[in-house]
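Asker: So the protein lines, in turn, are chains A and B.
Residues in the first sequence are numbered from 11 upward in steps of one, following the numbering used here.
Residues in the second sequence are numbered from 11 upward in steps of one, following the numbering used here.
Ideal Cβ positions, reconstructed from N, Cα and C, are used throughout, including at glycine.
Pasting a structure below so you can have a look.
There are 2 protein chains.
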Amino acid sequence: MSSQYSPLIDELIEALRCLPGVGPKSAQRMSFQLLERNRSGGARLAKALEAAIDKVGHCRSCRTLTELDECLVCANPKRDRRTICVVESPADVLAFEQSGDYRGVYFVLMGHLSPIDGIGPAEIGIDLLVERVKALAVEELILATNPTVEGEATAYYISEQMRQLGVAVSRIAHGVPLGGELEYVDAGTLAHALKGRQRFE
Amino acid sequence: MSSQYSPLIDELIEALRCLPGVGPKSAQRMSFQLLERNRSGGARLAKALEAAIDKVGHCRSCRTLTELDECLVCANPKRDRRTICVVESPADVLAFEQSGDYRGVYFVLMGHLSPIDGIGPAEIGIDLLVERVKALAVEELILATNPTVEGEATAYYISEQMRQLGVAVSRIAHGVPLGGELEYVDAGTLAHALKGRQRFE
Chain A
11 MSSQYSPLID ELIEALRCLP GVGPKSAQRM SFQLLERNRS GGARLAKALE
61 AAIDKVGHCR SCRTLTELDE CLVCANPKRD RRTICVVESP ADVLAFEQSG
111 DYRGVYFVLM GHLSPIDGIG PAEIGIDLLV ERVKALAVEE LILATNPTVE
161 GEATAYYISE QMRQLGVAVS RIAHGVPLGG ELEYVDAGTL AHALKGRQRF
211 E
Chain B
11 MSSQYSPLID ELIEALRCLP GVGPKSAQRM SFQLLERNRS GGARLAKALE
61 AAIDKVGHCR SCRTLTELDE CLVCANPKRD RRTICVVESP ADVLAFEQSG
111 DYRGVYFVLM GHLSPIDGIG PAEIGIDLLV ERVKALAVEE LILATNPTVE
161 GEATAYYISE QMRQLGVAVS RIAHGVPLGG ELEYVDAGTL AHALKGRQRF
211 E
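As structure tokens, then:
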């Protein structure tokens, strides 16, 4: 596709395609936009990429992505350490943080159980989770893995482990999203919403 | 929006937003995707950005973006130097090159006439264009500026200049795009297509 335009611009277009959702046309548009109108933004992006790739690792307490030894949530003394919310990825942490309502801490699996791909309990850090639950005297573990087959299986596995430790385990509610219209909600979600109905008071 | 997640990741998310069409959510998704699954792609992108921003300038003959003194099209001895296609941006050059049909050379205005923004003939390189037309003994100048008010005004201005030099000037055809359905084509384009009709042979 990228005809022999200029080696450096061709390489920039090709490199931009590593971004999710960026096809050949958007990559072209991005390249020209940066080179024609926003070189300082491009330079800033190059620096930010280098710094993040070089320095970002995992939080030693919750496994999320961070360049610090312990992430800002885990290190915040105001967070409630007796509640742990278990999520699959760092983006989920960000989503909860942006909702602004949660005051506990997190544990990031960095994936979900998937025996076919060789991803077992060790790979998603169950040892560390068990250790943390014991160390922090956790009272409630909220399972917020994705509502997919793998996410549900992972949630089930973790709940079994926690039962042995005597920790209360809950699962976030699944149902009709706020602001959505019923007729556009898929059948599985509707069935779930019906099954999970609560008394109206 | 980007809550205090981690300074380096926050900065990466913010920096990605300089890309056209990338909002806060896509920037987040891109950041995590790169950090979790494609650090080598991210490193490659950082290098490509730095190299392109540092080295890419303008072709001395046609003003397009290139890191070379003269771009690959201008430097190609097989291209027909007696035909010049005038376009607004380097992306237009790429579009024509990908169509694969054009064998002449280009001249890139890097914009269009826009007196309100202080963009006059000097800013879009008319001097260099006139000089080139004389030096190459150009036979035909194809005006391929965008079919917008500014693009049309720019095309008109250039055609006036060329008339004084005795060069044949043409404008690319505007009409119904191939593969399009008539009912979805806007009124302006349809009117243009009707006015520009040609005898069916």
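Residues in the same chain with beta-carbon distance under 6 Å from M40/B, minus the five sequence neighbours each way, listed in chain order, please.
Answerer: Only L26 meet the Cβ criterion.
Asker: Measuring alpha carbon to alpha carbon, tell me which of D196/A, L153/A, R173/A and P34/A ends up nearest D102/A.
Answerer: L153/A
Asker: Scan the region 40–72 of chain A for residues whose Cβ lies nearer than 8 Å to a Cβ of chain B and list them as they occur along the chain.
Answerer: For the region 40–72 of chain A, the beta-carbon criterion of a distance under 8 Å to any beta-carbon of chain B is satisfied by M40, S41, F42, Q43, L44, L45, E46, N48, R49, G51, G52, A53, R54, L55, A56, K57, A58, L59, E60, A61, A62, I63, K65 and V66.
Asker: Please report whether the beta-carbon of S109/B lies at a distance below 7 Å from any beta-carbon of chain C.
Answerer: The question asks about chain C, but that chain is absent: this structure's protein chains are A and B.
Asker: Per DSSP, what kind of secondary structure is C72/A in: helix, strand or coil?
Answerer: coil
Asker: Is it buried or exposed for S180/A, if we count other Cβ within 10 angstroms and need 16 for buried?
Answerer: exposed
Asker: Looking only at its own chain, which residues have a Cβ that is under 8 Å from the Cβ of E162/A, when we skip the five neighbours before and after it?
Answerer: T155
Asker: Return the CA-CA distance between Y15/B and V66/A, expressed in angstroms with no decimal places.
Answerer: 12 Å
Asker: Going residue by residue through the region 68–112 of chain B, where are the continuous beta strand (DSSP E) segments of at least 3 residues, counting only ones entirely within it?
Answerer: 90–97
Asker: Helix or strand or just coil, what does DSSP make of A183/B?
Answerer: coil
Asker: Would you tell me roughly how many angstroms separate the C-alpha atoms of G135/B and P30/B, rounded to the nearest one?
Answerer: Computed Cα separation, rounded: 26 Å.
Asker: Taking the beta carbon of Q174/A as the centre, do at least 16 other beta carbons fall within 10 Å, making it buried, or is it exposed?
Answerer: exposed
Asker: Would you say C28/A lies against chain B (beta-carbon separation less than 7 Å)?
Answerer: yes
Asker: So, with DSSP's three-state summary, where would you put M11/A?
Answerer: Unreliable positioning characterises M11/A in this predicted model, as indicated by a pLDDT of 40, which lies under 50. The coordinate reading is nonetheless provided below. Correct three-state label for M11/A: coil.
Asker: Could you spell out the range, first to last residue, of the alpha helix (DSSP H) harbouring V115/B?
Answerer: Element bounds for V115/B: not the alpha helix (DSSP H) but the beta strand (DSSP E), G114 to V118.
Asker: Could you pull out every residue in the same chain whose Cβ sits closer than 7 Å to the Cβ of R113/A, ignoring the five residues on either side in sequence?
Answerer: R89 and D90
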